[in-house]
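In the UniProt record's numbering, the protein residues as written are 1 to 403.
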């Protein structure tokens, strides 16, 4: 149903590339941070392992050496071990008795109570997956279990915090770019609409004066004057639409069924006679909604004409009005056209996207803007099926009930 056309929409393309570039920079920063920190963690793990191996070697040396052993070797090792007092260590001897270093323990506890605490701590240390160091004492084997130091634990979680910061920055950047884009769109829409309304105003005044002159000429066929008057009224409606979309429009309570039916009488005379349009209302006869008549008629016109083009000027258009949950009024506009392919469904409301060779791709974009920005509603593609048709749904809030 839709075909993309090449239009000078450099701003949107530039905006997209800026988002891609910003996202790529965030990913690079996160990847570099993770890689660098992982290297630090690996080096620190190896260093702590060497310290515990040195501790195990010292214990084995003291336990297996004779009285004439070089005591300086022992003290030198102990000095190096004490350089790091943050690695929790548990020594399990051959009898199963546990000794510890860098594990806080209340002094008032009995030996049995300390052993219970150390067994619990040993379970926690084993869960950190550090391979215990085996000490061969000759007559028995003993084991040194060690956990990760506080610094190593902090470094393990540091990349996650960095990644979170990068994601937050990326999210804020995305919001900034999206806001900038919407602000730019608003300025373009408002400026274009106001300028169009202004440019149409001068020739309209002139045409109105000429029609009055022709009306008083007896030689002029009155039917010509009547048709010219209709065209001027049409141009006045277009001018009013652009004037309203360029500023905050005034919303009034309107009977939707009556408004749509009245406008369709005008529209039917300007589309193919092979298109049948039907309005089905399941609303209460006095149900109203707050709309701007001129802008809302523009929405109906754009969607219906879009359906006529999709049906190649022959088929059925059905407009169903119903009441939804949470005080919402639904207006479903269905056609029996070609439908929309899956790859194009996400593009149909984008500026510059159209199937028509001479189309500007602004009809549905305008319609969505009018419904969502000015009427606090929603416009979505409810359903579509290839060669069977599409249904667009307008959702409008019901006005509060007056006391």
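For glycine and all other residues, C-beta sits at the position ideal for the given N, C-alpha and C.
Just so it is clear, the structure is predicted and the values come from calculations on it, not from any experiment.
Check	Outcome
Inter-residue Cα distance where the pair is residue 303 and residue 30	45 Å
Pick from 214, 147, 326 that is closest to residue 45, judged by C-alpha positions	147
Per-residue burial, residue 389 [other beta carbons within 10 Å of its own, 16 or more giving buried]	buried
Span of the beta strand (DSSP E), counted from its first residue to its last, around residue 394	389-397
Own chain, CB closer than 8 Å to residue 282, minus 5 neighbours either side, in chain order	320, 321, 322, 323
Beta-carbon proximity list for residue 310, same chain, < 6 Å, skipping 5 on both sides	1, 335, 337, 338
Distance between residue 393 and residue 251 (C-alpha atoms, nearest Å)	20 Å
Nonlocal neighbours in the same chain, by C-beta distance under 7 Å from residue 33, ignoring five residues either side	159, 162
Presumed contact (8 Å Cβ cut-off) between residue 101 and residue 89, rounded CB distance	4 Å
Under the three-state DSSP convention, the category residue 324 falls into	strand
For residue 201 and residue 215, the rounded distance between their alpha carbons	21 Å
As assigned by DSSP and simplified to three states, the class of residue 338	coil
Residue 266, enclosing alpha helix (DSSP H) - first and last residue	256-268
Outcome for residue 165 when other beta-carbon atoms lying within 10 angstroms are tallied against a minimum of 16	exposed
Endpoints, alpha helix (DSSP H) assigned at residue 126	111-126
For residue 92, the nearest candidate out of 109, 122, 371, 113 (CA to CA)	122
Spatial neighbours of residue 368 in its chain, beta-carbon cut-off 8 Å, leaving aside the 5 residues before and after	349, 379
Residue 275, enclosing alpha helix (DSSP H) - first and last residue	Element bounds for residue 275: not the alpha helix (DSSP H) but the beta strand (DSSP E), 275-281.
7 Å Cβ shell around residue 382 - same chain, five flanking residues per side excluded	332, 391, 392, 393
Same chain, Cβ closer than 7 Å to residue 327, five either side skipped, listed in chain order	397, 398
Residue 289 beta carbon less than 7 Å from that of residue 256	yes
Exposure label - residue 145; buried when at least 16 CB within 10 Å	buried
Identity of the residues DSSP links to residue 136 by a beta bridge	141
Residue of 317, 371, 305 minimising C-alpha distance to residue 329	371
Beta-carbon proximity of residue 313 to residue 274, cut-off 7 Å	yes
Whole-Å CB distance - residue 48 paired with residue 87, under 8 Å assumed	5 Å
Residue 218 vs residue 374 beta-carbon contact at 7 Å	no
Closest Cα partner of residue 351 within the set 345, 120, 363, 315	363
Assigned exposure category for residue 298 - 16 Cβ within 10 Å defines buried	buried
Span of the beta strand (DSSP E) around residue 384	378-385
Environment of residue 270 [buried if 16+ CB atoms lie within 10 Å]	exposed
Short Cβ contact (7 Å threshold) for residue 128 with residue 135	no
Residue range of the unbroken alpha helix (DSSP H) whose run includes residue 366	363-369
Helix, strand or coil at residue 221 according to DSSP, with G and I counted as helix	coil
Three-way DSSP call (helix, strand, coil) for residue 406 in this model	With the chain represented from 1 up to 403, any question about residue 406 goes unanswered, as that position is not in the structure.
Per-residue burial, residue 234 [other beta carbons within 10 Å of its own, 16 or more giving buried]	exposed
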